[in-house]
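If you're matching positions, the sequence shown starts at 36 in the working numbering and goes up one per residue. Here the structure is laid out as structure tokens; the discussion comes afterwards.
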Amino acid sequence: MRHTVQVPMRWSDMDAYGHVNNVVFLQYFEMARVDLFFERASLEERTGLRQGTVVASHEISYKLPVVYTARPLDVQIWVSGIRAAAFTCHYEVYDGDRLAVTGSTLLVPYDFGIARPRRLTPEEKEFLARWTEEPATA
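Set out below in structure tokens:
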């Protein structure tokens, strides 16, 4: 199942060429992750990923330029590849009905108290499994 977040564009997101700067889309991805893993999880009284994660890598593909409008972008996010100590988020960014950007982020659960990666908890795996588009695995 995908989660959709409406992300407002800011005037300052544009670059000298008059379209949204390429690096800003990573911020839009982050906004979608925060909305799903923290805000949505809190609404559902679930753990989400409050113990922390770090970004291991990003991939991003630009399909068409996006020009600032007051209408927010729709960012769809879903999860795949849930492993013991990593998972991948996927994104599609829509400008109206046009697919503008796709991407993914490899995330690693992290214990900031000891500054080391950690394993996903069973509750975190259960939460993530709800947002996959693939069959859940044990």
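Just so you know, even glycine gets a beta-carbon here, dropped at the ideal spot from N, CA and C.
Can you tell which of the options has the C-alpha that lies nearest to the C-alpha of residue i?
{"i": "residue 114", "options": "134, 162, 101", "result": "162"}
{"i": "residue 125", "options": "83, 131, 110, 119", "result": "110"}
{"i": "residue 73", "options": "167, 130, 38", "result": "38"}
Just to confirm, are residue i and residue j a CB contact at a threshold of 8 angstroms?
{"i": "residue 54", "j": "residue 107", "result": "no"}
{"i": "residue 7", "j": "residue 160", "result": "The requested residue 7 does not occur in the structure, where the chain is confined to residues 36 to 173."}
{"i": "residue 112", "j": "residue 81", "result": "no"}
{"i": "residue 156", "j": "residue 139", "result": "no"}
{"i": "residue 40", "j": "residue 97", "result": "no"}
{"i": "residue 59", "j": "residue 48", "result": "yes"}
{"i": "residue 91", "j": "residue 83", "result": "no"}
{"i": "residue 119", "j": "residue 154", "result": "yes"}
Between which two residues does the alpha helix (DSSP H) holding residue i run?
{"i": "residue 58", "result": "Looking at the DSSP string, residue 58 is not in any alpha helix (DSSP H), and its letter there is neither H nor E."}
For residue i, report the span of its beta strand (DSSP E) as first-last.
{"i": "residue 167", "result": "That residue, residue 167, is in no beta strand (DSSP E); it is neither H nor E in DSSP."}
{"i": "residue 39", "result": "38-42"}
Could you pull out every unbroken beta strand (DSSP E) segment of at least 3 residues lying fully inside the stretch 111-150, listed in chain order? 122-130, 133-146
Below 8 angstroms, how does it come out for the stretch 133-145 and the stretch 75-88: are there three or more Cβ pairs, yes or no? yes
Quick check: the stretch 39-46 against the stretch 63-82, are there 3 or more CB pairs under 8 angstroms? yes
What beta strand (DSSP E) runs, 3 residues minimum, are completely inside the stretch 78-103? 88-97
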